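**Q**
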Amino acid sequence: MRFSRSSQAATMAAVAVLALSACASAESGGDSTDGGPATESGGSISVAEVGSFTSFNADSATGNVLINGKVDYLTHWGFNYVDKDLNIVRNEEFGSYEVLSEDPLTVKYTVNEGVVWSDGTPIDAGDLMLAWAVESGYFDDATTNENDKVTSGTKYFAYAGSTTGLGLTDLPKIGDDGRSITMTYSKPYADWEIAFNMDQPAHVVAKGGGLPDEQALTDLITSAPAGDPDNPQKRPKLKALADFWNTAFDTTSLPSDPSMYLSSGPYIVESMTPDRSMTLVRNEKFDWGPEPKLDEITIRYISDANAQVQALNNGEVDVIAPQATADTLSSLKQIEGINIQQGLELAFKHIDLNYSGVFEEENVRKAFMHTIPRESILDATVKQIDPDAEPRDSHLFVPGTEGYKAAVPVNGSENYQNVDIEKAKELLDGATPKVRIMYSTESPNTVDVYTLIAESAEKAGFQVIDSGLPSTKWGAALGNGTYDATIFAWVSPGVGVTGVPQLYGCDSASNFSGFCNQEAQKLMDELILTTDPERQQELQVAIDSILFDTGYGLPLFQSAGISAADKRVKGLAYNPGLYGVWWNVWEWSISG
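Dropping the structure here:
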């Protein structure tokens, strides 16, 4: 599983988030009736979402945006999912996985017979092998410099998640049934149960990459040797496959070729209006999981929280999950006939500084950090919803958890509790650096964060350049070198520790700041092999400390969440994690 980026929310690792699952609350606005009995099946609803859809490949570096991940969740089934209590639930109707050996760790994955893509093509070992090739980084032979730029060789699949886990596996063995693969790890791996899941259709990627069929793709993957950075080789066929996988699924309109948006989940995309909406209908072939009750779901892209509330009030949408503000909550409470749910999110807003350009020098990064007014930011954002909210003082741990309590006294966050303009000026030594700050201009909280940071930084001599972008562009701009600092957030499924190297590992596609610290990398390499929770915590505390010590940037605050729905909509249950309201979409129905 991977972290997804969002302009409004984010999360960290499993050991830090389990305490949040009991924090949800529900209340009704206006009419207290439940609207009658739930419809068993049929009907349609409309859901408002922040941001516009941009890719049918949410696992790619360019496609890894929150809304893309939510659509992927509706249209791509796999071996497991995470419920509202942050438990890993196996999708045994889709397939199975079993540990054949603990030493060495050996895991067999099998797709059940009869499971197919929406075009009728069976999901089989070829699809599993493609997913493994993408998620393991097995063929990569790239060498990178200190700025994480490739200097020789090739990084093939631009996978947004971490390859550190499946990177420990040998080439899988395909089962005689043609629907299973078995992979063996060279070392124990802490997150093995969430390390592997389904990806894009192998027969589609094969054709798009210039191969005759899926079997040719499988043959290529099983015959090509592992990548060797000391002896990089040109592999044009593999490169063509990877290039297709990396970008071919990116789109804001419905492709003319239906194979580019195949589904293995309960819903399939039927139509798209660029930058406005998407409509999904029930996948009639889907019978390897809970049968969805609704026939049709329309997702409307409404970034502005007030506009979402108005759309719900007018009956234009049935479900919203806007950015939580005091005004939003107050407005929702004035609407009759809706249910409101509130709770903590597995999320934190943060500002990251690039380890290059104007921020190449550590003193300049730390000077900027000393200007960040975290208390003022808190007052302007989440404190309006939660008066007891405090600034978050850890990059890796959620406030209130044991890891957080262990990290904060020693990680160096105490140096940035208050704005210190004089200290910033001392570190700058007369310099007046120009700093381009990139953020989403359609996220109210993020706009407030940017404004407060810009005003404070300029007092120390920084020349702040507004590099804000609309939601359709900011995600793709991450890591492209057009900014020096960025304000955004990560959203994770809420389980595992692999998210740490995904965000901070030297060669990770999701490491956009260029942070590459060999001591931290060594700790992360150990972390993913560690199953003891106490040792996991020790390692993460050490990594957290390095991030503060090298001037990575600052965590800002833990996010609060709000969702609201017309009372006719049944089955919604608050979930603080990656997919929010969508996590149990198959249970949704509408009253008669």
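Residue numbers 100 to 691, in my numbering, belong to the letters of the sequence shown in order.
All C-beta atoms, glycine included, are put in the ideal place defined by N, C-alpha and C.
No experiment lies behind these values; they were computed from the predicted model shown.
Are there 16 or more other CB atoms within 10 angstroms of the CB of Thr161, so buried, or fewer, so exposed?
**A** With 16 or more other Cβ atoms within 10 Å, it is buried.
**Q** For Glu525, tell me which candidate among Ala672, Leu628, Val463 has the shortest Cα-Cα distance.
**A** With distances taken between Cα atoms, Glu525 lies closest to Val463.
**Q** Mark Arg375 as exposed unless 16 or more other C-beta atoms lie within 10 angstroms of its C-beta, in which case mark it buried.
**A** The residue in question, Arg375, is exposed, as its Cβ has fewer than 16 Cβ neighbours within 10 Å.
**Q** Which whole-angstrom value is the C-beta distance of Thr209 and Ser195, which I expect to be below 8 Å?
**A** That pair is a contact at about 5 Å.
**Q** Could you check whether Pro421 and Trp687 sit closer than 9 Å to each other, using their CB atoms as the reference points?
**A** Cβ atoms of Trp687 and Pro421: not closer than 9 Å.
**Q** Take the Cβ of Asp565 as the centre, count every other Cβ of all protein chains shown within 10 Å, and call the residue buried at 16 or more, exposed below.
**A** Answer is exposed; the Cβ neighbour count stays below 16.
**Q** According to DSSP, Gln422 sits in a beta bridge with which residue or residues?
**A** The partner list for Gln422 (beta bridge, DSSP) reads Gly660.
**Q** At the level of alpha carbons, what is the spacing between Thr372 and Asp624?
**A** Roughly 44 Å between the two C-alpha positions.
**Q** By how many angstroms is the C-alpha of Glu191 removed from the C-alpha of Glu541?
**A** Cα-Cα distance, rounded: 40 Å.
**Q** Would a C-beta distance cut-off of 9 Å place Ile396 and Ser151 closer than the cut-off?
**A** Taking 9 Å as the Cβ cut-off, Ile396 and Ser151 do not qualify as a contacting pair.
**Q** May I have the straight-line CA-CA distance separating Arg535 from Ser362, to the nearest angstrom?
**A** If I take the Cα positions, the gap works out to 40 Å.
**Q** Assuming Ser539 contacts Ser512 under a Cβ cut-off of 8 Å, what Cβ separation, rounded to an integer in Å, is found between them?
**A** 25 Å between Cβ atoms; not a contact.
**Q** Looking at C-beta atoms only, is the number of pairs between the segment 659 to 677 and the segment 543 to 561 that lie closer than 8 Å three or more?
**A** Contact between the segment 659 to 677 and the segment 543 to 561 is absent, because fewer than three Cβ pairs lie under 8 Å.
**Q** The alpha helix (DSSP H) that contains Val303, what's its start and end?
**A** Where Val303 is concerned, the enclosing alpha helix (DSSP H) stretches over 301 to 307.
**Q** Roughly how many whole angstroms lie between the Cα atoms of Thr220 and Ala479?
**A** If you take the alpha carbons of Thr220 and Ala479, they lie about 52 Å apart.
**Q** Measuring alpha carbon to alpha carbon, tell me which of Ala576, Met282, Trp573, Val181 ends up nearest Glu201.
**A** That would be Met282, whose Cα lies nearest to the Cα of Glu201.
**Q** Could you tell me the alpha carbon to alpha carbon distance between Met377 and Arg399, rounded to whole angstroms?
**A** About 7 Å.
**Q** Report buried or exposed for Gln562, applying the criterion of at least 16 other Cβ atoms within 10 angstroms of its Cβ.
**A** Per the 10 Å Cβ criterion, exposed.
**Q** Where do the N-terminal and C-terminal ends of the beta strand (DSSP E) with Val457 fall, by residue?
**A** First-last for Val457: undefined, no H or E at that position.
**Q** Three-state secondary structure (DSSP) at Leu316?
**A** Correct three-state label for Leu316: helix.
**Q** Ignoring anything shorter than 3 residues or poking outside the segment 572 to 651, list the beta strand (DSSP E) runs there in chain order.
**A** Counting whole runs of 3 or more residues, the segment 572 to 651 contains the beta strand (DSSP E) stretches 584 to 590.
**Q** What does the alpha-carbon distance come out to for the pair Leu319 and Glu460?
**A** Taking the straight line from one Cα to the other gives about 45 Å.
**Q** Using the C-alpha atoms, what's the distance from Ser145 back to Glu415?
**A** Rounded to whole angstroms, Glu415 to Ser145 spans 7 Å at the Cα level.
**Q** Look at the Cβ atom of Gly326, then the Cβ atom of Gly252, and state whether they are nearer than 9 Å.
**A** Yes.
**Q** Given Val668, which residues of its chain have a CB within under 7 Å of its CB, disregarding the five upstream and five downstream residues?
**A** Within the same chain, Val668 has close Cβ partners Ile144, Asp417, Val418, Trp687, Ile689.
**Q** In whole angstroms, give me the CA-to-CA distance for Ala123 and Tyr503.
**A** Interpretation of Ala123 is limited by its pLDDT of 32, a score under 50 that renders its predicted location unreliable; the figure taken from the coordinates is listed afterwards. Going by the C-alpha atoms only, they are around 21 Å apart.
**Q** Any idea what DSSP makes of Pro221, helix, strand or coil?
**A** Looking at Pro221 - three-state DSSP - the assignment turns out to be strand.
**Q** List, from N- to C-terminal side, the alpha helix (DSSP H) runs of 4 residues or more that fit wholly inside the segment 153 to 200.
**A** With a minimum length of 4 residues, the continuous alpha helix (DSSP H) runs that stay inside the segment 153 to 200 are 165 to 174.
**Q** Tell me which residues share the same chain as Leu379 and place their Cβ nearer than 8 Å to its Cβ, disregarding the 5 neighbours each side in the sequence.
**A** Excluding positions up to five away in sequence, the list reads Val170, Leu173, Thr174, Tyr366, Ile367, Val368, Glu369, Glu395, Ile396, Thr397, Ile398.
**Q** Taking the alpha-carbon positions, what's the Pro532 to Thr585 distance?
**A** Rounded to whole angstroms, Pro532 to Thr585 spans 16 Å at the Cα level.
**Q** Going by beta-carbon coordinates alone, are Gln639 and Leu495 separated by less than 9 Å?
**A** Yes, the Cβ-Cβ distance between Gln639 and Leu495 is below 9 Å.
**Q** Taking contact to mean 3 or more Cβ pairs, one atom from each stretch, closer than 8 Å, check whether the segment 267 to 283 and the segment 212 to 232 are in contact.
**A** The segment 267 to 283, when compared against the segment 212 to 232, does touch it at the 8 Å Cβ threshold.
**Q** Determine the direct distance from the alpha carbon of Glu197 to that of His449, and round the result to whole angstroms.
**A** Each residue's Cα considered, the two are about 38 Å apart.
**Q** By a C-beta neighbour count over all protein chains shown, 10 Å radius and 16 as the cutoff for buried, is Thr630 buried or exposed?
**A** Under this definition Thr630 is an exposed residue.
**Q** Kindly indicate which three-state DSSP category Ile484 falls into: helix, strand or coil?
**A** Ile484: coil per DSSP, three-state reduction.
**Q** Check Asp528 in the structure and name its three-state DSSP category.
**A** Of the three classes helix, strand and coil, the one that applies to Asp528 here is coil, per DSSP.
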